[in-house]
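To start, the structure under review is shown below, and the notes come after it.
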Amino acid sequence: MITKTKKSLSLSNTLLRDIAAINKKMNISQFVEAALVFYINELKKQERRQRDIKILKANAMRFSREAEENLEFQDIP
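For the sequence shown, the numbering used here gives the first residue as 3, with consecutive numbering after it.
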């Protein structure tokens, strides 16, 4: 079971109207929680992508050499 904590949060009237207009199934708390979970997961994905890119760039020369060596073993005219 997930423990919930009450927190006060101020949202603009425009944002509340937009939420109400597109959201018919959840109350505002559920909607905000779902939006934050989605946003946090996207940030985590971006961090993983950046970390992966850094690893790939750090190893690019080695990967390139290995690919060239593999091509040498293939007898392609």
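The beta carbon of each residue, even a glycine, is placed where N, CA and C say it ideally should be.
Given the structure is predicted, the values throughout are model-derived calculations rather than measurements.
Would you check if the distance between the CB atom of residue i and the CB atom of residue j is smaller than 8 Å?
i	j	result
Ile30	Ile24	no
Out of curiosity, what's the CA-to-CA distance linking residue i and residue j?
i	j	result
Leu11	Tyr41	17 Å
Val34	Leu18	10 Å
Arg67	Glu44	34 Å
Arg53	Lys59	10 Å
Phe75	Asn61	22 Å
Ile55	Gln48	10 Å
Met63	Lys46	27 Å
If you drop the 5 nearest sequence neighbours on each side, which residues of the same chain put their C-beta closer than 6 Å to that of residue i?
i	result
Val39	none
Lys8	none
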